[in-house]
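Engineer: What follows is a single structure, and I will ask about it in a moment.
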Amino acid sequence: MTPKELKQILQALVEHGVSELTLETPDYKLTVRRGGEVQVVSVPQVQAPILAAPPEVPAPTPPAPAAPAAGPQPQAKAEPQDDCPGCVEVRAPIVGTFYRAPAPDAPPYVKEGDRVEKGQVLCIIEAMKLMNEIESEVSGIVKKILVENGEPVEYGQPLFLIQPV
Amino acid sequence: MTPKELKQILQALVEHGVSELTLETPDYKLTVRRGGEVQVVSVPQVQAPILAAPPEVPAPTPPAPAAPAAGPQPQAKAEPQDDCPGCVEVRAPIVGTFYRAPAPDAPPYVKEGDRVEKGQVLCIIEAMKLMNEIESEVSGIVKKILVENGEPVEYGQPLFLIQPV
Amino acid sequence: MKKVLIANRGEIALRILRAAKELGIKTVVAHSTADEKSLPVLLADEAICIGPPPSGQSYLNIPNLLSAAIVTGADAIHPGYGFLAENATFAEMCREHGITFIGPTPENMRALGDKATARKVAREAGVPTVPGTDELGSVEEAKRAAQEIGYPVILKASAGGGGRGMRVVHTEEELERAVLQAQEEARAAFGNPAVYLEKYIEEPKHIEIQVLGDGERVVHLWERDCSIQRRHQKLLEEAPSLLPEETRRAIAEAARRLAEHVGYVSAGTLEFLVDKEGNFYFIEMNTRIQVEHPVTEMITGIDLVQAQFRIAQGEKLWLKQEEIQVRGHAIEVRVNAEDPEKGFRPSIGKVETLLFPGGPGIRVDSHLYAGYQIPPHYDSLIAKILAWAPTREEAIRRMERALSETVIEGPGLKTTIPFHQKVLQNAFFRRGAVYTNFVARRMEM
Amino acid sequence: MKKVLIANRGEIALRILRAAKELGIKTVVAHSTADEKSLPVLLADEAICIGPPPSGQSYLNIPNLLSAAIVTGADAIHPGYGFLAENATFAEMCREHGITFIGPTPENMRALGDKATARKVAREAGVPTVPGTDELGSVEEAKRAAQEIGYPVILKASAGGGGRGMRVVHTEEELERAVLQAQEEARAAFGNPAVYLEKYIEEPKHIEIQVLGDGERVVHLWERDCSIQRRHQKLLEEAPSLLPEETRRAIAEAARRLAEHVGYVSAGTLEFLVDKEGNFYFIEMNTRIQVEHPVTEMITGIDLVQAQFRIAQGEKLWLKQEEIQVRGHAIEVRVNAEDPEKGFRPSIGKVETLLFPGGPGIRVDSHLYAGYQIPPHYDSLIAKILAWAPTREEAIRRMERALSETVIEGPGLKTTIPFHQKVLQNAFFRRGAVYTNFVARRMEM
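Chains as they are written, first to last, in UniProt numbering: chain G, 1 to 165; chain D, 1 to 165; chain X, 1 to 445; chain Z, 1 to 445.
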């Protein structure tokens with residue numbers, strides 16, 4: 001659903017005095033509640049509630065052909081920063097294997113809750129036997145580590161959420 | 001479900017004074033509740049335009065494949081009664097050739113402006129050498145003859161517009 | 001031939017339209033009001049509405065169809081399959097009105113139209129039919145006949161149909177009792193106790209031979225195996241069959257001879273049952289193009305619908321029998337708008353997402369497009385998907401690949417694709433152990 | 001081989017995916033962020049993002065691609081065409097990492113990689129190349145060479161390219177002046193006055209031979225005529241060519257010999273120019289699967305991409321030369337997202353309405369689906385539509401029919417289909433009068 005489509009839906013809600021709407025499709029679930037029906041009518045701040053709290057606009061879903069039967073369907077990737085407003089995502093700049101520590105028996109570079117400085121090493125990604133250190137782009141608190149140790153990561157995959165301080 | 005479809009549903013709710021709706025299909029589940037019906041009615045200015053003049057719901061247009069280049073595209077057939085509100089259409093009940101008169105040199109059965117009675121012959125349709133007389137289903141004034149003499153007509157093709165009296 | 005009226009709908013109307021376009025013949029698609037937005041109508045040079053949705057008033061409406069041909073200036077009619085395709089009267093009326101009927105002659109249809117006449121013609125041509133008797137006068141007569149035919153035999157009600165009154169008998173000991181029971185059942189079911197006896201063919205293959213004739217000479221285009229059926233409805237067809245080469249040749253030649261015997265014109269199919277020993281029995285002839293004709297087109301490279309057009313224009317057969325070479329293996333699945341999980345219940349609706357398979361060896365014949373509303377008035381065939389490959393095993397894997405990338409979706413719309421996927425994975429199917437009761441026995445459906 | 005990483009995008013990624021599926025090999029599609037919602041990604045068993053949209057950082061990013069193969073457990077990489085397909089270093093690195101590169105060996109690529117080396121190899125194998133000289137020392141040398149080669153000849157700048165400094169000379173009288181002018185032009189354009197001389201081939205056909213090799217033995221799969229080009233971009237290909245049978249055989253055998261001479265592995269194509277007298281000259285070899293490979297697949301029934309997989313798994317060639325039989329005629333049109341009315345300007349956008357052709361003899365290779373947004377970062381090929389029929393004339397009519405029912409529409413989206421329709425209708429094309437300057441000369445484009 002595009003923002004434009006959402007806007008059309010919301011306009012329709014206002015026009016029609018709808019106070020609550022739940023819409024679930026295979027692609028999305030939409031819930032809208034509009035308070036103060038009376039105000040809608042009696043005062044001109046008709047669209048205030050909507051303007052004040054625009055529902056989150058979901059990423060556009062591809063009108064993608066589904067591989068039927070067992071065909072795998074790429075999941076709409078969850079956007080991790082939804083869980084942590086204001087957080088900065090550290091994404092994988094290369095493809096490889098994610099390691100939290102410089103060696104199997106070494107302690108991890110960082111844990112959730114740690115304070116890190118800009119330029120501090122957060123993890124390594126091994127690609128073709130080379131260990132690539134991934135540094136933090138900001139100073140802040142490690143709010144979440146999104147990948148398990150030893151897991152493969154693709155280009156652009158979110159690795160950490162860091163709350164800048 | 002497209003926003004347009006949703007809008008149409010909501011319009012329908014307003015028009016029919018529905019205050020709550022739950023709709024579940026294999027593809028989606030829709031729940032709508034409308035509050036403040038009374039207000040809608042008591043301050044009619046707000047939604048009056050919609051209630052007063054529900055926009056015409058267009059016929060579903062086929063998302064039809066266009067034969068590119070020279071491929072002919074069937075025209076959305078104009079609805080002849082648009083020109084003559086209240087008129088009755090006389091449609092071809094069979095496929096054949098339309099003739100306005102019983103013989104090439106005879107006068108036509110009817111002309112535009114003529115008054116006709118129910119059961120009166122309006123034209124003939126020749127099909128496989130048989131002359132089929134087409135009678136008027138109503139008494140009224142022939143407002144429009146929609147087919148030229150000698151033209152082929154298909155099943156259901158509008159032939160005359162008659163204003164009942 | 002300048003312009004053809006296509007007196008049919010759905011995928012076969014589109015198939016005919018494609019053949020006509022490639023031959024430079026203009027097309028008029030006759031359609032009911034329910035098919036106004038169908039793909040053949042959208043792609044045709046002209047379209048003409050010939051009646052309301054019920055086929056009795058449209059696709060079977062002879063006066064409107066002939067009239068439609070006349071008023072649009074069409075000099076030929078292609079009837080497709082079903083509807084009026086095997087109606088000798090319609091073919092005759094076309095002839096009377098100077099319109100070329102693209103198909104066999106009315107005489108061909110009459111000679112082969114009903115099973116009894118067709119069996120007689122087959123015997124004249126020296127083609128074996130299922131051995132059987134007329135109505136049985138007595139148990140003794142039944143015993144003599146059964147001995148001659150050889151067990152097992154099947155008793156059938158003369159007035160019957162649909163399995164009622166049928167009884168399979170394996171030994172002479174069972175026969176007397178079976179005749180009496182069958183007569184009793186026949187009386188109860190049809191009010192007529194008469195029964196007759198036929199050789200019972202266990203687990204037969206349904207093999208059909210495609211022929212093309214010009215009225216004098218007939219060539220065959222080898223066989224199709226149509227054993228994968230459910231309640232006598234074909235679901236998946238393939239060619240060539242897995243029968244031994246000499247059996248294949250013998251059946252094909254018998255079919256060719258039979259069709260030549262009646263001076264057959266146009267494309268036709270002769271159906272046979274083949275038992276485990278390779279004995280074959282002619283059952284009936286379909287005097288029309290068939291749903292599954294593309295299977296043969298894929299292995300021979302010959303366009304059967306174009307051939308129908310050329311023969312109808314009076315062209316003498318341009319093919320010699322020895323020029324018709326089979327290459328590789330082809331499989332067709334019939335994609336029906338039916339729910340195989342609910343007893344193949346028709347499932348109509350609007351096609352919202354559509355993606356057909358492509359790539360090497362794939363052919364799709366379908367009148368679907370995204371946004372198309374499947375009308376509830378007609379049969380449920382919505383697409384034929386075909387896969388060709390050098391070998392059967394490769395064709396099966398290619399078909400599996402093709403079905404895995406096919407998307408036909410809409411609210412509430414179900415198709416038979418999951419069923420076909422199960423057939424293709426079935427171990428018996430994969431090793432070619434197919435017979436007419438395959439679906440019932442091996443898939444328990 | 002259990003799992004293949006497909007290091008490409010668009011229709012060829014889908015083509016490889018289909019071959020792998022049919023062989024029971026799992027697929028991983030490596031893709032840039034721009035191709036996240038592409039059809040190959042949606043249909044693959046797995047997908048892995050290997051970089052941002054610019055191909056230098058994704059589809060040409062060797063470390064990320066190798067790493068992607070390693071982390072997904074792929075034991076093979078198929079490079080498709082373009083990108084890294086002919087990169088010997090990449091093939092070598094795959095080998096070093098124990099990953100099977102599905103294509104020729106690095107040694108094959110190096111032996112045939114650049115034109116000069118390839119010409120040398122060709123001469124060793126006794127395959128004719130375009131006769132020519134090294135840098136000319138004097139006008140006298142030019143005269144002697146031209147006499148030996150035979151007029152007309154063409155002068156080319158050693159440092160040049162793209163037509164600058166080129167000069168066609170028809171008689172000895174013109175030669176001196178032409179050499180001086182060409183030298184002057186070369187100096188002005190490239191800062192180097194050196195020129196050389198080559199036989200000028202007037203209106204040549206561009207003929208290429210498809211081969212398959214296993215490192216020891218090579219078979220050819222006959223030729224394709226790729227003369228319909230615009231600015232050296234192929235637009236329409238067909239097979240077989242209209243050359244006389246003996247010329248076809250001679251070229252095909254020369255190509256086979258050359259490829260066998262270098263111990264060629266996998267699928268490859270040898271390009272030739274053929275003059276009006278049927279003389280042929282090897283130009284270069286493409287050491288990869290080519291865009292137009294389906295043309296050959298349609299006439300031979302051989303799946304070239306599957307063959308690449310089988311050869312890469314070490315299988316010895318299972319085909320004898322005499323088993324490779326040509327049936328019928330096939331034509332491919334490249335449907336590009338370009339506006340032929342505006343100088344073939346790329347035209348990107350979202351595909352809203354999509355309807356591909358079907359029915360007999362049609363093949364479509366395309367990664368489009370309704371709703372797909374064509375990304376602006378890559379080449380403009382969006383579909384290959386192929387038509388097969390028993391004869392060239394029928395294949396042309398079938399292709400016209402197929403294009404007439406194709407719909408690829410979206411806001412602002414233009415395709416080359418109208419251009420192809422004009423080619424197909426062109427009287428010179430229809431009688432086979434095609435050569436590399438056909439589009440410029442006969443279509444004035």
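Each residue gets a CB set at the ideal place from its N, CA and C atoms; glycine is no exception.
1. Give a yes or no on whether the minimum CB-CB distance between residue 64 of chain Z and chain G is below 8 Å.
2. Quick check on the burial criterion: 16 or more other C-beta atoms within 10 angstroms. Buried or exposed for residue 149 of chain G?
3. Starting from the C-beta of residue 355 of chain Z, find all residues in its chain whose C-beta is less than 6 Å away, skip the five residues before and the five after it, and write them out in chain order.
4. May I ask you to list, following chain order, the residues of the region 357 to 369 of chain Z that have a beta carbon less than 9 Å from some beta carbon of chain X?
5. Which of helix, strand or coil does DSSP assign to residue 114 of chain Z?
6. Would you kindly report the start and end of the unbroken beta strand (DSSP E) that includes residue 363 of chain X?
7. How is residue 63 of chain X classed by DSSP in three states: helix, strand or coil?
8. Starting from residue 32 of chain X, follow the beta strand (DSSP E) in both directions and report where the run begins and ends.
9. Name, going along the chain, the residues of the region 29 to 55 of chain X whose beta-carbon falls closer than 7 Å to a beta-carbon of chain D.
10. What residues of chain X sit near residue 294 of chain Z, judged by a beta carbon separation below 9 Å?
11. Can you check whether the C-beta of residue 72 of chain Z is within less than 8 Å of a C-beta belonging to chain G?
12. Output yes if chain D places a C-beta closer than 8 Å to the C-beta of residue 20 of chain X; else output no.
13. With DSSP as the reference, label residue 70 of chain D as helix, strand or coil.
14. Comparing alpha-carbon positions, which option in X/50, X/34, X/27 lies nearest residue 154 of chain D?
15. Cβ closer than 8 Å: which chain Z residues qualify as neighbours of residue 128 of chain G?
16. For residue 317 of chain X, name the three-state secondary structure that DSSP assigns.
17. Which runs of the beta strand (DSSP E) fall wholly inside the UniProt domain "Lipoyl-binding" (87 to 163) of chain D and span at least 3 residues, in chain order?
18. I need the straight-line Cα distance from residue 347 of chain X to residue 285 of chain X, nearest angstrom please.
19. For residue 91 of chain D and residue 156 of chain D, what's the separation of their Cα atoms in angstroms?
20. Can you find a CB in chain Z that lies within less than 8 Å of the CB of residue 203 of chain X?
21. Comparing C-alpha positions only, which one of Z/195, Z/72, Z/331, Z/276 sits nearest to residue 237 of chain Z?
22. Closer than 8 Å, Cβ to any Cβ of chain X: which residues of the region 93 to 121 of chain D, in chain order?
23. Can you pull the chain A neighbours of residue 131 of chain X, defined as C-beta to C-beta under 7 Å?
24. Listed in chain order, which residues of the region 133 to 159 of chain G have Cβ atoms closer than 9 Å to some Cβ of chain Z?
25. On the criterion of 16 or more Cβ atoms from any shown chain inside 10 Å, does residue 210 of chain Z qualify as buried, or is it exposed?
26. Where are the alpha helix (DSSP H) runs, 4 residues long or more, that stay fully inside the region 276 to 323 of chain Z, in chain order?
27. Which of the residues in the region 388 to 408 of chain Z, read from start to end, lie with their CB under 9 Å from any CB of chain X?
28. Scan the region 324 to 396 of chain Z and note each continuous beta strand (DSSP E) run of 3 residues or more that stays entirely inside, going in chain order.
29. For residue 129 of chain G, count neighbouring C-beta atoms within 10 Å of its own C-beta (all shown protein chains included) and say buried if the count is 16 or more, exposed if not.
30. Measure the alpha-carbon distance for residue 63 of chain Z versus residue 103 of chain G and round it to whole angstroms.
31. Rounded to whole angstroms, what's the CA-CA distance from residue 29 of chain X to residue 340 of chain X? Just pull it up for me.
32. Is DSSP giving residue 195 of chain X helix, strand or coil here?
33. Excluding the five sequence neighbours on either side, which residues of its own chain have a C-beta within less than 6 Å of the C-beta of residue 131 of chain X, listed in chain order?
34. With distances taken from CA atoms, which of X/109, X/80, X/82 is nearest residue 92 of chain X?
35. Just to confirm, are residue 196 of chain X and residue 141 of chain X a CB contact at a threshold of 8 Å?
36. Cβ closer than 9 Å: which chain X residues qualify as neighbours of residue 297 of chain Z?
Structural biologist: This is what the structure gives:
1. Within the fourth sequence, residue 64 of chain Z is the residue found at index 64, counting from 1. Chain G, which has a Cβ nearer than 8 Å to the Cβ of residue 64 of chain Z, makes this yes.
2. By one-based count along the first sequence, residue 149 of chain G stands at place 149. Exposed, because fewer than 16 other Cβ atoms sit within 10 Å of the Cβ of residue 149 of chain G.
3. By 1-based counting over the fourth sequence, the position of residue 355 of chain Z is 355. Only 407 meet the Cβ criterion.
4. 357, 358, 359, 360, 361, 362, 363, 364, 365, 366, 369
5. In the fourth sequence, the residue the question calls residue 114 of chain Z occupies position 114. The answer is coil: DSSP assigns residue 114 of chain Z none of H, G, I, E or B.
6. Within the third sequence, numbered from 1, the residue matching residue 363 of chain X stands at position 363. Counting along the chain, the beta strand (DSSP E) containing residue 363 of chain X begins and ends at 362 to 366.
7. Counted from its first residue, the third sequence places residue 63 of chain X at position 63. The answer is helix: DSSP assigns residue 63 of chain X an H, G or I state.
8. Numbered from its first residue, the third sequence carries residue 32 of chain X at position 32. Annotation: the continuous beta strand (DSSP E) that includes residue 32 of chain X extends over 26 to 32.
9. 33, 37, 39, 41, 42, 43, 45, 47, 48, 49, 50, 51
10. Along the fourth sequence, one-based indexing puts residue 294 of chain Z at 294. Under the 9 Å cutoff, chain X gives 359, 360.
11. In the fourth sequence, counting from the first residue as 1, residue 72 of chain Z sits at position 72. Taking Cβ atoms only, chain G reaches closer than 8 Å to residue 72 of chain Z, which makes this a yes.
12. What you label residue 20 of chain X is simply residue 20 of the third sequence in a count that begins at 1. No, because no Cβ of chain D sits closer than 8 Å to the Cβ of residue 20 of chain X.
13. The residue labelled residue 70 of chain D in the question sits at position 70 within the second sequence. Residue confidence is low: residue 70 of chain D scores 36 on pLDDT, short of 50, so the model does not pin down where it sits. Its coordinate-derived value is still stated next. Residue 70 of chain D: coil per DSSP, three-state reduction.
14. By 1-based counting over the second sequence, the position of residue 154 of chain D is 154. With distances taken between Cα atoms, residue 154 of chain D lies closest to X/50.
15. Working through the first sequence from its first residue, we reach residue 128 of chain G at position 128. The contact set of residue 128 of chain G on chain Z, defined by CB atoms closer than 8 Å, consists of 63, 66, 67, 70, 97 in chain order.
16. In the third sequence, counting from the first residue as 1, residue 317 of chain X sits at position 317. Note: residue 317 of chain X maps to coil in three-state DSSP.
17. 88 to 91, 96 to 99, 121 to 127, 130 to 135, 140 to 145
18. The sequence position of residue 347 of chain X within the third sequence is 347, counting from 1. The sequence position of residue 285 of chain X within the third sequence is 285, counting from 1. In a straight line, the C-alpha of residue 347 of chain X is about 31 Å away from that of residue 285 of chain X.
19. In the second sequence, residue 91 of chain D corresponds to position 91, counting from 1. In the second sequence, residue 156 of chain D corresponds to position 156, counting from 1. So the two alpha carbons sit approximately 5 Å from each other.
20. Position 203 of the third sequence, counted from the start, is the residue given in the question as residue 203 of chain X. It does not: the Cβ of residue 203 of chain X has no partner Cβ on chain Z nearer than 8 Å.
21. As a working mapping, residue 237 of chain Z is identified with position 237 in the fourth sequence. That would be Z/331, whose Cα lies nearest to the Cα of residue 237 of chain Z.
22. Residues of the region 93 to 121 of chain D with a C-beta atom less than 8 Å from some C-beta of chain X are 94, 95, 96, 97, listed in chain order.
23. Although the question refers to chain A, the structure presented lacks it and instead comprises the protein chains G, D, X and Z.
24. 151, 152, 153, 154, 155, 156, 157
25. Sequence index remark: in the fourth sequence, residue 210 of chain Z carries index 210 (1-based). With 16 or more other CB atoms across the displayed protein chains lying within 10 angstroms of its CB, residue 210 of chain Z is buried.
26. 293 to 300, 304 to 312
27. 388, 389, 390, 394, 397, 398, 400, 401, 402, 404, 405, 407
28. DSSP runs (the beta strand (DSSP E)) wholly in the region 324 to 396 of chain Z: 329 to 336, 353 to 355, 362 to 366, 381 to 389.
29. The residue labelled residue 129 of chain G in the question sits at position 129 within the first sequence. Exposed: under 16 other Cβ atoms inside 10 Å.
30. As a first step, residue 63 of chain Z must be located in the fourth sequence, where it is residue number 63. As a first step, residue 103 of chain G must be located in the first sequence, where it is residue number 103. Rounded to the nearest angstrom, the two C-alpha atoms are 22 Å apart.
31. Against the third sequence, residue 29 of chain X aligns to sequence position 29. Against the third sequence, residue 340 of chain X aligns to sequence position 340. If I take the Cα positions, the gap works out to 32 Å.
32. Here residue 195 of chain X is taken as the residue at index 195 of the third sequence, counted from 1. DSSP places residue 195 of chain X in strand when its eight states are reduced to three.
33. Taking the third sequence and counting its residues from 1, the one referred to as residue 131 of chain X is at position 131. Here the set comprises 149, 199.
34. Within the third sequence, the letter at position 92 stands for residue 92 of chain X. The candidate whose alpha carbon is nearest that of residue 92 of chain X is X/109.
35. As a first step, residue 196 of chain X is located in the third sequence; it is residue number 196 there, counting from the start. As a first step, residue 141 of chain X is located in the third sequence; it is residue number 141 there, counting from the start. Contact flag unset, no.
36. Position 297 of the fourth sequence holds residue 297 of chain Z. Near residue 297 of chain Z (Cβ distances below 9 Å), the residues of chain X are 360, 361.
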